[in-house]
Amino acid sequence: MTLTLPARGSCQCGNVTYQVIEQPLTTICCHCLDCQKLSTSSFSISMILNRTGLEILSGDLKQWDRPADSGNITRCWFCPTCGNRIYHENPEAPEIIRLKPGTLDDTSVLNPQGHVWTCREQPWHQSFNDLPRIDGQPDFAAAIREIQEGGSPF
Ligand SMILES: [Zn+2]
Ligand SMILES: [Zn+2]
């Protein structure tokens with residue numbers, strides 16, 4: 309994957325802004341249970357970067373630490389206003405960080421190279437691409453009515 313540098317990003321509320329100024333080492337999808345909680349989905353994406361590759365441009369990040377399954381500490385940096393996670397690091401090896409690249413302004417450039425913790429991968433994740441699709445916001449009230457009447461909004 310080649311990023312156009314600098315690649316800018318921000319948290320959801322916009323208080324934290326940053327730019328990536330070096331090419332990432334790799335990008336992976338992690339299916340561990342912590343990443344499921346973090347993403348409120350079935351996996352999260354990590355872009356592995358040299359610390360020197362990330363510049364925070366605005367906003368004060370807050371941190372919290374949790375023990376990782378690896379036995380290391382994961383230090384999680386987030387926007388204290390909107391809660392959006394920006395990056396993770398191991399404080400004992402801080403020269404490498406894991407950016408949460410869904411916060412990039414242009415996520416079309418993401419090109420994950422592999423999956424990790426697939427022993428935790430949800431079986432329903434495998435059939436994701438086969439689910440019916442609506443290419444915008446569905447009419448929520450109409451969809452609920454359809455379901456209540458025993459139908460399907462799809
Ligand atoms: Zn924010
Ligand atoms: Zn994970």
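With the working numbering applied, the sequence shown covers 309 to 462.
Even glycine gets a Cβ: it sits at the ideal position worked out from N, Cα and C.
Closer than 7 Å: residue i CB and nearest ligand 2 heavy atom
{"i": "Trp285", "result": "Because residue 285 is not part of the residues shown, which for the chain are 309 to 462, the question remains open."}
{"i": "Ser352", "result": "yes"}
{"i": "Cys427", "result": "no"}
{"i": "Asp342", "result": "yes"}
Check: residue i C-beta below 7 Å from any heavy atom of ligand 1
{"i": "Gln320", "result": "yes"}
{"i": "Met389", "result": "Just to set this straight, residue 389 is Thr in the shown sequence, not Met. Yes; taking the cut-off as 7 Å, the Cβ of Thr389 has a heavy atom of ligand 1 nearer than that."}
{"i": "Val324", "result": "yes"}
{"i": "Asn380", "result": "no"}
Proximity below 8 Å, CB of residue i to CB of residue j
{"i": "Arg359", "j": "Ile394", "result": "no"}
{"i": "Asn323", "j": "Thr389", "result": "yes"}
{"i": "Cys384", "j": "Cys319", "result": "no"}
{"i": "Thr411", "j": "His396", "result": "no"}
{"i": "Ser354", "j": "Lys408", "result": "yes"}
Cβ-based neighbour list, residue i, same chain, cut-off 7 Å, excluding 5 preceding and 5 following
{"i": "Glu454", "result": "Ser460, Pro461"}
{"i": "Asn392", "result": "Cys319, Gln320, Phe386, Thr411"}
{"i": "Asp377", "result": "Cys340"}
{"i": "Gln371", "result": "Arg383, Cys384, Trp385"}
{"i": "Pro306", "result": "Past the edges of the chain, shown from 309 to 462, lies residue 306, and the structure says nothing about it."}
Sequence-distant residues of its chain with Cβ nearer than 6 Å to residue i (five each side left out)
{"i": "Thr334", "result": "Ile356, Gln421"}
{"i": "Asp413", "result": "Arg316, Gly317"}
Cut-off 8 Å between Cβ atoms - residues of its own chain near residue i, not counting five sequence neighbours on either side
{"i": "Gly311", "result": "Per the sequence presented here, residue 311 reads as Leu, with Gly not at that position. Closer than 8 Å at Cβ, skipping near neighbours: Val328, Gln331, Pro332, Val417."}
{"i": "Pro446", "result": "Pro461"}
- Item | Stretch-stretch touch, CB-based, cutoff 8 Å, three pairs: the region 322 to 342 with the region 420 to 429 | yes
- Taking three-plus beta-carbon pairs below 8 Å as touching, is the region 359 to 375 in contact with the region 437 to 455? no
- Message: Just to confirm the assignment: which complete beta strand (DSSP E) runs, minimum length 3, are found wholly within the region 338 to 378?
- Response: Those beta strand (DSSP E) runs which fall completely within the region 338 to 378 and span 3+ residues are 352 to 358, 362 to 366, 370 to 375.
- Query: Residue ranges of each beta strand (DSSP E) run of no fewer than 3 residues wholly in the region 388 to 447, ordered along the chain?
  - Reply: 393 to 397, 404 to 407, 422 to 424
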